[in-house]
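Protein chains: 2
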Amino acid sequence: MSLLPLNGSAGEFDLNDLRHLWGVLSSEDRVTGFRLLSRDDAEDFFLSLAAQEQAEVILGVPSGERRLWVRQLAPDDAADVIQAVPRETRDILLALCDERTRREVVALLAYQDDEAGGLMSPRFARVRSEATADEAVRYLRQQARRQLETIYYAYVVDPDQRLMGVVSFRELFAAPGDRLVRELMEKDFISVPEDMDQEDVARLMSLHDLMAIPVVDIEGCMKGIVTFDDLVDVVEEEATEDMQKLGGMEALDTPYLQTGLADMVRKRGAWLSVLLVGEMLTTTAMGYYQEEIARAVVLTLFVPLIISSGGNSGSQATTLVIRAMALGELRLVDWWRVIRRELASGLCLGCILAVIGGIRILLGDAFFHGYGGHVPLLALTVAISLVGVVTWGTVIGATLPFILRRFGFDPASASAPFVATLVDVFGLAIYFTAAEIILRGTLL
Amino acid sequence: MSLLPLNGSAGEFDLNDLRHLWGVLSSEDRVTGFRLLSRDDAEDFFLSLAAQEQAEVILGVPSGERRLWVRQLAPDDAADVIQAVPRETRDILLALCDERTRREVVALLAYQDDEAGGLMSPRFARVRSEATADEAVRYLRQQARRQLETIYYAYVVDPDQRLMGVVSFRELFAAPGDRLVRELMEKDFISVPEDMDQEDVARLMSLHDLMAIPVVDIEGCMKGIVTFDDLVDVVEEEATEDMQKLGGMEALDTPYLQTGLADMVRKRGAWLSVLLVGEMLTTTAMGYYQEEIARAVVLTLFVPLIISSGGNSGSQATTLVIRAMALGELRLVDWWRVIRRELASGLCLGCILAVIGGIRILLGDAFFHGYGGHVPLLALTVAISLVGVVTWGTVIGATLPFILRRFGFDPASASAPFVATLVDVFGLAIYFTAAEIILRGTLL
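Protein chains in written order, with the numbering used here: chain A, 10 to 453; chain B, 10 to 453.
Given below as structure tokens:
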């Protein structure tokens, strides 16, 4: 059954209805709903969609209407849409672009979509260095009617297209009309290379509150601009990737509801399997202490408690360090400082948990179920193990991202489950070693 | 020992050196380094700092220089700095602002710092609806020299300050000079209420690619604008908070290296203690199966493996769902769809792990260490438990954020460690129940 008023005419069904239903509509219903919108609403809505969804709409409407929608897109957005469709469909979409856009899109498709070149628009405003402020303003006024990405910065290039300076529209506008662009332009501008990672581009623009940043090639020639409207998407995309890795899986690349079951299982299954294999070391570790366990089964009662406390404290530490690294708050050189801090935090946290854990065992024994004899010694064993495991988990969780980064891997791969797995094995060793020392001659 | 060339004169020590060292410098060395910069560099650097760091610089420089730096700040940024210092220092800073800024800052301080009112700048450009495009452009040109947050949007208000329309500078500029602002302005503009959450403001601006968004009160009166340069900070801040909660702790609010040990231990210790208490249920659960354990100690070998697999799959599911909710991809109404999907994913993932786990036990028994008799049955028990635990973990991890959100809590509180703790208890029950059924009459 369709969720849409299919017999309704345009106007009965509006933008808000569609926005609200969009998430739950099938691909066909999305297109049907989209075509019920008034022309103005449809344009607004189309431009607010993600590239993947724009592709869905373009490929869904009758082929006579496709050209109309493709031509709504700036070249950088058109390139994103084309990258979002299967390879065999790309040429169909490319053929719908006008000549100039097609050339620009093809050039943009040569870049990775997570680097500056893949984000940039080739449509920026150029001004001559010898123009006056008035001439430049007049020129930009003409450009304002054309499809430039922004008129709010103008770029001064030499005959070889090398970028010489940047001038903001506001400065041009505020200056006396006869001042030369050359005198007004910022020569000490910030630019980025074509292959700079999009996360770094976003951070740089945010740091300097830039509405647009120029992208230059290795010779300093101007290739395009990245504008502020891409920033939020980039930052959200990178945070999503980091979070998913931190949650113990490969990053999805597509929105949750648009990821197929097979893809989902593959991206989650790979890491779950690795973690399972890692966790098998706990079986070996437990096997090593099997004799102790057989003598004092009561020891096993606290195994999940001990290892999960190590995992939890490791999860906290790795999350903190990975996020601080992603935000640029921590660099490799800070490793020693961080580890000292985490050692201190881990010891404090371990002592807190030790007190709670120890008291719980004494109370549990007194009021609920007996743990057999030697309960104070048992409580001491658990308490000391908690201090050791929590400290160890914290230090490992904080160290692992530094190690990964040092060797060129993504620190976010030090996921919480990965740290927990590492900690589990050592946690068992700490616990049973403590038990052997403290309980020798009594329970063991 | 100081890291800075304290005897060097200004100029020997430059912007890049300071940026590079900033993270590892003490508060005093930061100020010393800052004062070694040339005036231009110091201004650039100061404006690129976070509010907390700007406060540190202002309070660190000799009191005669403080006024200079406070006055570099737009009112919304000054309000952020004042909120970043201890209450008793606020009046000192406030006294350094000029009269107009002081009034604006005091008004801004009345808002929460994570809502639209707390982000906005009161300095926006107003134009009359009866002005011509040329008049409006001329007026904005005058304003371009003043401290307006942006001249790229102008706001048309009635005599009661109610917002009637918005016109972009680009439209004014591209239009014939004698057209009236009234005819050019967008009446169907997007505005936000003062108390809208900053994350929603950022999402709305990003969705519509807006450089600035007007903030209005309940009567529609214009209070200020939020500009694009706050967006990235907001999005990163919200992602950081979600990540930290997901990692099983309270959000820090301050950068990692600037969070004191006491604060750190409090924010992490509270959740670790709650999780420890929750995890004590596993002790109770293990106690319940103590007889089975005593009869077949071999069963305990696989306890960490089973419960951690449940925790890991739960961690994946909760991360995916929480992030998709934060991005607006999932809403409450989607819960049933998500749970069906996760049930399917969980079953697939469980089967994959069951095969790996089962094979590992058979191989381990054959080549390394004997697990005693009935190994195929033991492998079957572990395999079936893995299917059950992974499916259960996945479904719980996906459901919990919906439940929290339904009852008005932050879904990100369904942290990976919290889900893992919930799953551990049920995981033990699943494992020992499977063992009782499959191994009855053999090992048990």
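Ideal placement from N, C-alpha and C gives every residue a C-beta, glycine not left out.
Would DSSP call A:THR141 helix, strand or coil? The residue you call residue 141 of chain A lines up with position 132 of the first sequence. DSSP, reduced to helix, strand and coil, places A:THR141 within a strand of the structure shown.
Can you tell me the Cβ-Cβ gap for B:LEU341 and B:GLY366, rounded? I've got them flagged as a contact below 8 Å. Here residue 341 of chain B is taken as the residue at index 332 of the second sequence, counted from 1. Here residue 366 of chain B is taken as the residue at index 357 of the second sequence, counted from 1. At roughly 36 Å, the Cβ-Cβ gap does not stay under 8 Å, so B:LEU341 and B:GLY366 are not in contact.
So which residues of chain A does B:TYR161 contact, with C-beta pairs closer than 7 Å? Here residue 161 of chain B refers to the residue found at position 152 when the second sequence is read from its first residue. Those are TYR161, listed as they occur along chain A.
By the three-class DSSP mapping on this structure, what secondary structure does A:ALA19 have? Here residue 19 of chain A refers to the residue found at position 10 when the first sequence is read from its first residue. Residue placement at A:ALA19 is flagged as unreliable, the pLDDT there being 44, under the threshold of 50; a coordinate-derived value is accordingly withheld.
List the residues that DSSP assigns as beta-bridge partners of B:ALA88. Position 79 of the second sequence, counted from the start, is the residue given in the question as residue 88 of chain B. For B:ALA88, which the question treats as bridged, DSSP gives no partner whatsoever.
Hey, out of A:GLN207, A:ARG179, A:MET205, whose CA is closest to A:GLU195's CA? By 1-based counting over the first sequence, the position of residue 195 of chain A is 186. For A:GLU195, the closest alpha carbon among the candidates A:GLN207, A:ARG179, A:MET205 is that of A:ARG179.
Looking at B:VAL33 and the ligand NAP, is the gap between the Cβ and the nearest heavy atom below 6 Å? This structure lacks the ligand NAP; in fact it carries no ligand of any kind.
Please tell me whether A:LYS254 and A:ALA421 are closer than 7 Å, where the distance is taken between their beta carbons. Position 245 of the first sequence holds residue 254 of chain A. Position 412 of the first sequence holds residue 421 of chain A. Yes. Within cutoff.
Alpha helix (DSSP H) segment containing B:ILE348, residue limits: Along the second sequence, read from residue 1 onward, the residue named residue 348 of chain B stands at position 339. Boundaries of the alpha helix (DSSP H) harbouring B:ILE348: 344–372, taken from the DSSP string.
If you count every other CB in all the chains shown that lies within 10 Å of the CB of B:SER11, and 16 or more means buried, which is it? On the second sequence, position 2 is the one that residue 11 of chain B refers to. Confidence at B:SER11 is low in this model, with a pLDDT of 45, below 50, so the placement of that residue should be treated as unreliable; the coordinate-derived value is given next. When all chains shown are included, B:SER11 counts as exposed.
Got a sec, what are the start and stop residues for the beta strand (DSSP E) A:ILE331 sits in? Residue numbering aside, residue 331 of chain A sits at position 322 when the first sequence is read from its first letter. From DSSP, A:ILE331 is part of no beta strand (DSSP E) but of the alpha helix (DSSP H) over 312–335.
CB contact check: A:ILE234 to chain B, cutoff 7 Å: Position 225 of the first sequence, counted from the start, is the residue given in the question as residue 234 of chain A. With respect to chain B, the C-beta atom of A:ILE234 has no partner C-beta closer than 7 Å.
Examine chain B for any beta-carbon lying closer than 7 Å to the beta-carbon of A:MET194, and answer yes or no. Along the first sequence, one-based indexing puts residue 194 of chain A at 185. Chain B places no beta carbon closer than 7 Å to that of A:MET194, leaving this residue out of the contacts.
Please list the terminal residues of the continuous alpha helix (DSSP H) segment that includes A:TYR440. Taking the first residue of the first sequence as 1, we reach residue 440 of chain A at position 431. Going by DSSP, A:TYR440 is part of the alpha helix (DSSP H) stretching over 425–448.
Go ahead and label A:PHE525 buried or exposed: buried means 16 or more other beta carbons lie within 10 angstroms of its beta carbon, across all protein chains shown. What the structure shows of chain A is the stretch from 10 to 453, and residue 525 of chain A is not part of that stretch, so it cannot be assessed.
So is A:ILE331 buried or exposed if we call it buried at 16+ other beta carbons inside 10 Å? Residue 331 of chain A sits at position 322 when you count from the first residue of the first sequence. Classification for A:ILE331: buried.
Beta-carbon proximity list for B:MET220, same chain, < 6 Å, skipping 5 on both sides: In the second sequence, counting from the first residue as 1, residue 220 of chain B sits at position 211. The answer, listed in chain order, is TYR161, PHE237.
Alpha carbon of A:LEU13 to alpha carbon of A:ASP38, nearest angstrom: One-based indexing of the first sequence puts residue 13 of chain A at position 4. One-based indexing of the first sequence puts residue 38 of chain A at position 29. Interpretation of A:LEU13 is limited by its pLDDT of 48, a score under 50 that renders its predicted location unreliable; no figure is taken from the coordinates.
Using the beta-carbon of each residue, which ones in chain C are nearer than 7 Å to B:MET289? Here chain C cannot be found, since the structure's protein chains are A and B.
Taking the CB atoms as reference points, tell me whether B:ILE447 and B:LEU386 lie closer together than 7 Å. Taking the first residue of the second sequence as 1, we reach residue 447 of chain B at position 438. Taking the first residue of the second sequence as 1, we reach residue 386 of chain B at position 377. Their beta carbons are under 7 Å apart, which means B:ILE447 touches B:LEU386 by this criterion.
Beta-carbon spacing of A:ILE348, A:ALA443 below 7 Å: The count along the first sequence starts at 1 and reaches residue 348 of chain A at position 339. The count along the first sequence starts at 1 and reaches residue 443 of chain A at position 434. One thing to note: A:ILE348 has its Cβ no nearer than 7 Å to the Cβ of A:ALA443.
Selected residue, minimal CA-CA separation from A:SER57, among A:GLU97, A:LEU24, A:ASP218: Residue mapping note: residue 57 of chain A aligns to position 48 of the first sequence, counting from 1. That would be A:LEU24, whose Cα lies nearest to the Cα of A:SER57.
In chain B, which residues lie with their C-beta within 9 Å of the C-beta of A:VAL274? Along the first sequence, read from residue 1 onward, the residue named residue 274 of chain A stands at position 265. Within 9 Å Cβ-Cβ: ALA353, SER354, CYS357, LEU358, ILE361.
Tell me the residue span of the alpha helix (DSSP H) that contains A:VAL306. Stepping through the first sequence from its first residue, residue 306 of chain A is reached at position 297. Segment: none, A:VAL306 is in no alpha helix (DSSP H) and carries neither H nor E.
Run the CB neighbour count on A:THR430, radius 10 Å, all protein chains shown included, and call it buried at 16 or more, exposed below. The residue labelled residue 430 of chain A in the question sits at position 421 within the first sequence. Classification for A:THR430: buried.
Length of the line joining the Cα atoms of B:ARG135 and B:PHE198: Numbered from its first residue, the second sequence carries residue 135 of chain B at position 126. Numbered from its first residue, the second sequence carries residue 198 of chain B at position 189. Going by the C-alpha atoms only, they are around 15 Å apart.
Other residues of its chain near B:ALA153: CB distance less than 7 Å, five sequence neighbours each side excluded: To locate residue 153 of chain B, count along the second sequence from 1; it is residue 144. Hits under 7 Å: ILE160.
In the DSSP assignment, find the alpha helix (DSSP H) that holds A:LEU271 and state where it starts and stops. Sequence index remark: in the first sequence, residue 271 of chain A carries index 262 (1-based). The sequence shown places Ala at residue 271 of chain A, not Leu. Its alpha helix (DSSP H) spans residues 270–297.
Using C-beta distances below 7 Å, list every residue in its chain close to A:GLY287, excluding the 5 sequence neighbours before and after it, in chain order. Indexing the first sequence from 1 puts residue 287 of chain A at position 278. Contacts found: THR430.
At a CB-CB cut-off below 7 Å, which residues of chain A make contact with B:MET173? Residue mapping note: residue 173 of chain B aligns to position 164 of the second sequence, counting from 1. Ordered by position in chain A, no residue passes the 7 Å Cβ test against B:MET173, which lies about 20 Å from the chain.
Could you say which of B:LEU362, B:PHE416, B:ILE405 lies nearest to B:THR390 if we only look at CA atoms? Along the second sequence, read from residue 1 onward, the residue named residue 390 of chain B stands at position 381. Comparing Cα positions, the closest option is B:LEU362.
What do you reckon, are the CB atoms on A:VAL224 and A:VAL201 nearer than 7 Å? Stepping through the first sequence from its first residue, residue 224 of chain A is reached at position 215. Stepping through the first sequence from its first residue, residue 201 of chain A is reached at position 192. Going by C-beta atoms, A:VAL224 is nearer than 7 Å to A:VAL201.
Quick one: what's B:PRO202 bridged to in DSSP? One-based indexing of the second sequence puts residue 202 of chain B at position 193. B:VAL225, per the DSSP bridge assignment.
Taking the alpha-carbon positions, what's the B:ASP187 to B:ASP169 distance? Position 178 of the second sequence, counting from 1, holds the residue named residue 187 of chain B. Position 160 of the second sequence, counting from 1, holds the residue named residue 169 of chain B. If I take the Cα positions, the gap works out to 26 Å.
Given a threshold of 16 other Cβ atoms within 10 Å of its Cβ, counted over all protein chains shown, does B:GLU97 qualify as buried or as exposed? In the second sequence, the residue the question calls residue 97 of chain B occupies position 88. Label assigned to B:GLU97: exposed.
Exposure of B:LEU15, with buried meaning 16 or more beta-carbon neighbours within 10 Å: Here residue 15 of chain B refers to the residue found at position 6 when the second sequence is read from its first residue. Confidence at B:LEU15 is low in this model, with a pLDDT of 45, below 50, so the placement of that residue should be treated as unreliable; the coordinate-derived value is given next. Its Cβ having fewer than 16 others within 10 Å, B:LEU15 is exposed.
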